[in-house]
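Undergrad:
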Amino acid sequence: MNSPNTSAASSKHDGIDTLHVELSERRYPLYIGAGILDSFGEYYRQHQLPETVVVITDSHVERTYAAQVQRSLKRAGCTVLLIVVPPGEKQKSFGRAEAIFAELLSRRIERSAAIVAVGGGVVGDLAGFIAATYQRGIRFVQVPTTLLAQVDSSVGGKVAINHRLGKNMIGAFYQPDFVFADVQTLSTLPRREIICGLGEVIKYGIIMNSEFYYSVAMLHEKILARDASVLQSIVAACCRMKAEIVAGDERELGRRAILNFGHTIGHALEKAGGYSTLKHGEGVLLGMLAEAWIAVKLGALPQHSFDVLKEDIADIPLPRLDEFSFVFDELYATMLIDKKAKAGEVRMVLPTDIGAVTLPQPVGKKLLRGAIAFLQGYCKSRSAKSSA
Ligand code: NAD
Ligand code: GLY
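Below is the structure:
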């Protein structure tokens with residue numbers, strides 16, 4: 002795997018990739034390795050973090066990775082309180098946050114404690130939101146266990162819960178003390194979740210590195226087979242790219258918005274499917290295709306680059322979508338409350354090539370309607386092909 006050419010500092014020792022996110026006031030490390038979870042406690046203590054630790058996790062990884070982290074912390078002399086939530090997006094809610102605050106307060110967890118999130122992006126976003134707000138902010142560490150969380154959500158400090166009117170609408174920028182990603186944990190991740198992570202991996206290639214894009218396209222099978230050494234290189238490469246973007250624009254005042262490529266239409270599709278027909282990464286894969294279609298119509302993206310993307314996405318297994326019919330007006334209403342929308346106009350990041358994108362641009366309703374019609378046809382033809 003070729004490392005993308007970025008400025009984020011990195012090194013490799015004892016098989017562990019160490020990168021840094023350089024912020025204006027401090028830097029923090031991302032450790033990426035295979036089979037490193039047992040040593041989590043040592044790393045935690047090296048960072049001189051509090052002895053009292055609250056591990057927040059979900060019930061799918063409670064007995065495996067959360068238990069491993071808990072044992073490792075105890076060996077390192079920490080006292081651990083474990084909080085387990087059910088799995089799923091619905092946990093990013095006021096109700097769940099309130100229940101966790103109540104538990105922390107009734108257990109008299111003080112400001113001097115730390116929170117460690119063990120799980121996917123749902124646990125990371127929820128636990129990060131609790132860490133950012135409990136007693137005005139306590140120390141925080143991310144231990145991501147999904148591909149999506151390892152390449153994206155655990156890095157960069159976005160933490161949030163959902164509001165009934167919109168996803169991730171209540172939150173903060175709250176950076177962790179460090180991120181500890183063990184790719185071995187991905188061996189138990191369901192294939193569908195690996196595909197969701199692959200969506201975000203492909204996104205990095207399109208937005209900033211064509212060489213990375215083409216090398217990943219050759220590796221879809223190995224990624225789906227959870228090859229640990231391929232996964233470690235990919236997670237490290239994606240984290241390097243994300244670290245570089247976050248270092249330049251921590252609070253998304255400009256370039257960080259490119260990470261949102263595919264998400265304007267992707268989020269609308271996810272919502273239209275009730276967050277169950279399509280998962281986040283699947284929505285992003287389809288969203289990238291539809292947004293690339295718009296870029297072709299605007300003359301921003303050459304047709305042959307679109308064809309490459311379309312062919313690569315055709316290779317990726319997605320759920321059957323022939324029953325998934327979406328209503329344009331509903332999708333449009335969701336796009337209008339997307340965080341990039343301005344003055345009543347939908348705005349989105351558009352690719353200009355494989356490896357390059359624009360900042361968010363306004364896109365008119367007619368073009369959006371065309372893109373959604375294209376996508377509806379695409380979903381039907383995919384399903385027809387897979388059932389042929
Ligand atoms: P998720 O957290 O729901 O995890 C997916 C599923 O995998 C869950 O059922 C979980 O219990 C299970 N799981 C986790 N690790 C496992 C493992 N190693 N083995 C077996 N099962 C495992 O979903 P996700 O895709 O990780 O994250 C999606 C969330 O991330 C969304 O809420 C999205 O908004 C958020 N997100 C945040 C950012 C950010 O910058 N903060 C970026 C992208 C996405
Ligand atoms: N996942 C988008 C961001 O971190 O900005």
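Numbering (our numbering), first residue to last: 2 to 389.
Using N, Cα and C, we set each Cβ at its ideal position, and we do this for glycine too.
Computed from a predicted structure; not experimentally measured.
Under the criterion of a Cβ to heavy atom distance below 7 Å, does residue 90 qualify as lining the ligand NAD?
TA: yes
Undergrad: Ends of the alpha helix (DSSP H) at residue 354?
TA: Here residue 354 belongs to no alpha helix (DSSP H); instead the beta strand (DSSP E) covers 352-354.
Undergrad: Check whether the Cβ atoms of residue 18 and residue 233 sit closer than 8 Å, and answer yes or no.
TA: Closer than 8 Å, so yes.
Undergrad: Round the Cβ separation of residue 181 and residue 158 to the nearest angstrom and send it over; I've been treating them as touching at under 8 Å.
TA: Incorrect: roughly 16 Å between the Cβ atoms, too far for contact.
Undergrad: Beta-carbon separation of residue 195 and residue 225 under 8 Å?
TA: With respect to residue 225, residue 195 sits close: the two C-beta atoms are nearer than 8 Å.
Undergrad: How big is the Cα-Cα spacing for residue 137 and residue 255?
TA: Taking the straight line joining both Cα atoms gives about 27 Å.
Undergrad: Taking residue 23 as the reference, which of 306, 246 and 336 has the closest Cα?
TA: 246
Undergrad: Is residue 45 helix, strand or coil by DSSP?
TA: helix
Undergrad: Could you tell me the alpha carbon to alpha carbon distance between residue 179 and residue 99, rounded to whole angstroms?
TA: 26 Å
Undergrad: Restricting to Cα atoms, I'd like to know which of 154, 201 and 130 is closest to residue 171.
TA: 130
Undergrad: Give a yes or no on whether the C-beta atoms belonging to residue 289 and residue 325 are separated by under 8 Å.
TA: no
Undergrad: State the DSSP-derived secondary structure class of residue 65, mapped to helix, strand or coil.
TA: helix
Undergrad: I'd like to confirm something about residue 159: is its beta-carbon nearer than 7 Å to some heavy atom of the ligand GLY, or not?
TA: yes
Undergrad: Within 10 angstroms of the Cβ of residue 341, are there 16 or more other Cβ atoms? Answer buried if so, exposed if not.
TA: buried
Undergrad: Let me know if residue 184 comes out buried or exposed under the rule of 16 or more other beta-carbons within 10 Å of its beta-carbon.
TA: buried
Undergrad: What distance in whole Å lies between the Cβ atoms of residue 332 and residue 273, which are believed to be in contact at a cut-off of 8 Å?
TA: 6 Å
Undergrad: Per DSSP, residue 33 is paired with what?
TA: 18 and 182
Undergrad: Look at the alpha carbon of residue 48 and the alpha carbon of residue 29, and state the distance between them as a whole number of angstroms.
TA: 10 Å
Undergrad: Whole angstroms is fine: what's the gap from residue 106's alpha carbon to residue 126's?
TA: 20 Å
Undergrad: Would you say the beta carbon of residue 339 is closer than 7 Å to some non-hydrogen atom of the ligand GLY?
TA: No, Cβ of residue 339 sits at least 7 Å from all heavy atoms of the ligand GLY.
Undergrad: I think residue 62 touches residue 84, with their Cβ atoms under 8 Å apart; what is that distance to the nearest whole Å?
TA: Under the criterion of beta carbons closer than 8 Å, residue 62 and residue 84 do not qualify as touching, at roughly 13 Å.
Undergrad: I want to know whether the stretch 198-209 touches the stretch 149-167 - three or more CB-CB distances under 8 Å.
TA: yes
Undergrad: At the level of alpha carbons, what is the spacing between residue 206 and residue 285?
TA: The alpha-carbon of residue 206 is positioned some 14 Å away from that of residue 285.
Undergrad: Put residue 382 into one of helix, strand or coil per three-state DSSP.
TA: helix
Undergrad: How far does the alpha helix (DSSP H) with residue 213 in it extend, from its first residue to its last?
TA: 211-218
Undergrad: Taking the CB atoms as reference points, tell me whether residue 50 and residue 115 lie closer together than 8 Å.
TA: Yes, the pair counts as a contact, with Cβ atoms nearer than the cut-off.
Undergrad: Give me the Cα-Cα distance between residue 337 and residue 223, rounded to the nearest whole angstrom.
TA: 38 Å
Undergrad: Among 230, 135 and 92, which has the Cα closest to the Cα of residue 162?
TA: Among 230, 135 and 92, the Cα nearest to that of residue 162 belongs to 92.
Undergrad: Do you know whose CA, among 227, 310, 16 and 27, lies nearest residue 215's CA?
TA: 310
Undergrad: Please report how far the alpha carbon of residue 322 lies from the alpha carbon of residue 350, in whole angstroms.
TA: Rounded to the nearest angstrom, the gap between the Cα atoms of residue 322 and residue 350 is 25 Å.
Undergrad: Just to confirm before moving on: does the CB-CB distance between residue 33 and residue 236 stay below 8 Å?
TA: yes
Undergrad: Look up residue 193 in the DSSP assignment and say whether it is helix, strand or coil.
TA: helix
Undergrad: What separation, rounded to the nearest whole angstrom, lies between the Cα atoms of residue 277 and residue 257?
TA: 28 Å
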